[in-house]
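Here is the structure we will look at.
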Amino acid sequence: MTRVDFYHLQKSDIETTLPKLLDKAYATGKKIVLKVGNEERVEFLNTHLWTYDEQSFLPHGSKKDGNAESQPIWLTSQDDNPNSATILFLVDGARYEADKISSFERVLNIFDDNDKEALNWSREFWKQLKAQDNECYYWQQDEKGSWQQKA
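According to this note's numbering, the sequence shown is numbered sequentially starting from -15.
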């Protein structure tokens, strides 16, 4: 069974939130695939992850960088998993078929409250995953921007 966490952005944006969540996932020592909505955003986030904080380092790469199999964090807009990741991040409305997530131990679907298409898709994805008896958790930001698990 795959654990799927839904992160509903309401107080911060993906550029602020994603590096923090990636850092926690990277600290587990497991490889990560970050699926982004389109190739343009892949390259934007690829650059952003190098520059978001001078005190942090998240080793990562994309098709442009190559050496996918040796990248701890792989950014893509496709359904590929060339670094044999066990953690999947979905951002910017990126979709993944519910019946194919079983190859991952954990999935984090991060969606912005201002993106109605991503919001609606996340609701549908939740229903599909629950119907398959996956372990699903919903996280919402409180007034201070901290994550609170909701039932």
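Every residue gets a Cβ at the ideal spot worked out from N, C-alpha and C, and that includes glycine.
So what's Q112 in DSSP terms, helix, strand or just coil?
helix
Leaving out five residues on either side along the sequence, give the residues of the same chain with a beta carbon under 6 Å from the beta carbon of V(-12).
V91, L113, N118 and C120
Considering only the beta carbon of each residue, do I16 and L72 sit closer than 9 Å?
yes
At the level of alpha carbons, what is the spacing between R25 and T70?
22 Å
Starting from V(-12), follow the alpha helix (DSSP H) in both directions and report where the run begins and ends.
Per DSSP, V(-12) belongs to no alpha helix (DSSP H); it is in the beta strand (DSSP E), R(-13) to L(-7).
According to DSSP, what are the bridge partners of Q62?
In the DSSP output, where bridge partners are listed per residue, Q62 has none listed.
Which residues share a DSSP beta bridge with Y121?
D(-11)
Under the three-state reduction of DSSP, which class applies to S68: helix, strand or coil?
coil
Beta-carbon spacing of D96, L2 below 9 Å
no
What is the DSSP secondary structure of V26, counted as helix, strand or coil?
helix
Buried or exposed (CB count within 10 angstroms, at least 16 for buried), D139:
What is shown of the chain runs -15 to 135, which leaves residue 139 out entirely.
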